[in-house]
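When the letters of the sequence shown are read in order and numbered with the UniProt record's numbering, they come out as residues 1 to 267. Positions of the beta carbon are idealized from the N, C-alpha and C atoms, including for glycine.
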Amino acid sequence: MRRKLEGQTAIVTGASSGIGAGVAKALAAEGAAVVINHSASADKAMAVLNEIKHAGGNGLVVKADVSNEADVQAMFQETIKQFGTVDILVNNAGLQKDAKFHDMTLDEWNRVIAINLTGQFLCAREAIKEFLRRGVVPERSRAAGKIICMSSVHEVIPWAGHANYAASKGGIMMLMKTIAQEYAPQKIRVNSIGPGAIRTPINHAAWQTPESYNQLLKLIPQKRIGEAEDIGGAAVWLASDDSDYVNGITLFVDGGMLLYPGFEDNG
Ligand code: NAD
C-alpha cells in the first residue's frame with residue numbers, strides 16, 4: 001500500500017528532541033523525507049536521523065535558529081537544493097522562560113516571543129513562498145502545501161507564571177488562522193496541534209517524581225501523560241490528504257485537558 005506522505009519533503013523545526021523528534025519519525029515512517037532542524041544540538045539531531053535511516057527512511061540534519069531570518073532562509077534553500085521542494089512544514093521549535101509576571105525581564109519576554117512566535121512567522125513565510133511557486137503536484141498531494149503549527153492548550157488556557165509562553169501560543173492561533181484564510185484559495189492548508197502535557201524535556205519537572213506526576217494527572221481526565229507518538233499520529237493526519245478538507249483548526253491532543261477536569265467530582 002502507498003504510504004500517506006510518499007515522495008513528499010517535510011521540515012520539522014526543533015526536531016532534535018521531544019515532540020519534534022517524534023513528529024519527524026512519524027512523518028518519515030509514512031514516506032516523507034524529513035529535514036531535522038536543530039539550533040544547537042547536532043548530535044541529538046543526528047541520532048534522530050540515524051533512527052529514521054535505520055527504519056528505511058530518508059532525511060537531512062540542518063542547523064538553523066528559527067528566530068534568525070538568514071538562518072531560516074538558508075534552511076529552506078538547503079532543503080530545496082537537496083530534495084527539490086518542500087511540501088510540509090512543522091513549526092515545532094519552542095521554549096519556556098518562566099517567571100512571575102512582575103519579575104519577568106524584557107529579555108525573557110523577547111526570547112520566547114522571538115523563537116515561539118516570530119520563528120513560526122519566518123518559517124511559514126518561506127514555506128508559503130515555495131508552495132505558491134510550485135502549486136499542487138497531484139501525484140503527491142491534493143494540497144499545494146501544508147503547515148502545522150505546534151501550539152498548546154495554552155493558546156486558550158491562561159497560565160500564571162508563563163505570560164510570555166501563553167502569549168506566544170495565543171499569537172500562534174491567530175497567525176495560523178490568518179494565513180489559513182489568506183492562502184486557502186491556493187490550496188495551502190494551515191492548522192495547529194495543541195498538545196496538553198507531553199513527556200518531553202521542556203516539562204520534566206511536571207512528571208519526573210511520583211508526586212509531581214500525580215499532581216499533573218489531576219489536570220488530565222484520561223489519567224496519563226501524553227507521549228511524542230500521540231502528537232506524531234496527529235501530525236501525519238494533518239499533513240496527509242486524509243485531512244484535505246481541514247483548514248484553520250487547532251487539533252487539541254490533550255487527554256481531555258480542556259474538559260474542565262476540576263468539575264469531575266462535582267456532582
Ligand atoms: P523540547 O524542549 O524537547 O523541544 C523543543 C525543541 O525546540 C528542542 O529541540 C530545541 O532545541 C528546539 N529549539 C529551541 N530554540 C530553538 C531555535 N531558536 N531554533 C530551532 N530550534 C530551537 O520540548 P517539546 O515539548 O518537544 O516542545 C516542542 C513544541 O511543543 C514547543 O513549541 C512546545 O511549546 C510545544 N508544546 C509542548 C508541550 C509538552 O507538554 N511537552 C505541550 C504543549 C506544547
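Among the options, nearest to residue i - alpha-carbon criterion
{"i": "isoleucine 36", "options": "Thr9, Val253 and His204", "result": "Thr9"}
{"i": "serine 151", "options": "Val190, Thr79 and Leu5", "result": "Val190"}
{"i": "methionine 1", "options": "Glu30, Asn92, Asp87 and Leu216", "result": "Glu30"}
{"i": "aspartate 98", "options": "Glu6, Pro195 and Gly161", "result": "Gly161"}
{"i": "glutamate 6", "options": "Gly20, Phe83 and Leu122", "result": "Phe83"}
{"i": "cysteine 149", "options": "Gly232, Lys25, Ala64 and Glu78", "result": "Gly232"}
{"i": "glycine 248", "options": "Lys146, Phe263, Asp265 and Trp159", "result": "Lys146"}
{"i": "alanine 143", "options": "Tyr245, Ile157 and Phe263", "result": "Tyr245"}
{"i": "aspartate 65", "options": "Val86, Val48, Ile88 and Asn92", "result": "Asn92"}
{"i": "lysine 4", "options": "Gln120, Leu117 and Asp241", "result": "Asp241"}
{"i": "histidine 204", "options": "Leu95, Met75, Gly56 and Ala124", "result": "Leu95"}
Start and end residues, beta strand (DSSP E) containing residue i
{"i": "alanine 10", "result": "9-12"}
Residues near residue i in its chain [Cβ-Cβ closer than 6 Å; skip 5 each side]
{"i": "residue 331", "result": "Residue 331 lies beyond the stretch modelled for the chain, which goes from 1 to 267, so this question has no answer here."}
{"i": "glutamate 229", "result": "Gly22"}
{"i": "glutamate 78", "result": "Val62"}
{"i": "arginine 133", "result": "none"}
{"i": "leucine 49", "result": "Ile36, Gly59 and Val61"}
Contacts around residue i, its chain only, beta-carbon distance under 8 Å, and the 5 residues preceding and following it disregarded
{"i": "proline 261", "result": "Lys218, Leu219, Ile220 and Pro221"}
{"i": "asparagine 58", "result": "Ala28, Ala33, Val34 and Ile52"}
{"i": "isoleucine 113", "result": "Asn164, Ala167, Ser168 and Gly171"}
{"i": "valine 153", "result": "Gly194, Pro195, Gly196, Phe252, Asp254, Met257 and Leu258"}
Host alpha helix (DSSP H) of residue i (start-end)
{"i": "threonine 178", "result": "163-183"}
{"i": "lysine 81", "result": "69-83"}
{"i": "asparagine 214", "result": "210-217"}
{"i": "aspartate 107", "result": "106-112"}
{"i": "glutamine 222", "result": "No alpha helix (DSSP H) contains glutamine 222, which DSSP labels as neither H nor E."}
{"i": "glycine 119", "result": "119-134"}
Spatial neighbours of residue i in its chain, beta-carbon cut-off 7 Å, leaving aside the 5 residues before and after
{"i": "serine 243", "result": "Trp237"}
{"i": "isoleucine 206", "result": "The amino acid occupying residue 206 in the given sequence is alanine; isoleucine does not appear at that position. Taken in chain order, the residues that qualify are Ala197, Ser212 and Leu216."}
{"i": "glutamate 155", "result": "Lys169, Gly170, Ile172, Met173, Gly194 and Thr250"}
{"i": "phenylalanine 76", "result": "Val86, Glu126 and Glu130"}
Residue i - partner residues in DSSP beta bridges
{"i": "serine 192", "result": "Cys149 and Thr250"}
{"i": "lysine 63", "result": "His38"}
{"i": "residue 295", "result": "Only positions 1 to 267 of the chain appear in this structure, which leaves residue 295 out of reach."}
{"i": "alanine 33", "result": "Thr9 and Asn58"}
{"i": "isoleucine 202", "result": "Partner(s): none; isoleucine 202 has no beta bridge."}
{"i": "glycine 226", "result": "Ile198"}
At least 3 beta-carbon pairs within less than 8 Å: the region 36-49 vs the region 1-20:
yes
Check whether the region 218-225 and the region 172-189 are in contact - that is, three or more C-beta pairs closer than 8 Å.
With fewer than three CB-CB distances shorter than 8 Å, the region 218-225 does not count as touching the region 172-189.
Quick check: the region 162-169 against the region 207-215, are there 3 or more CB pairs under 8 Å?
no
Below 8 Å, how does it come out for the region 127-139 and the region 97-112: are there three or more Cβ pairs, yes or no?
Flag = no, the region 127-139 and the region 97-112 do not touch.
Flag this pair as touching only if the region 107-123 and the region 133-144 have three or more C-beta atom pairs under 8 Å; answer yes or no.
no
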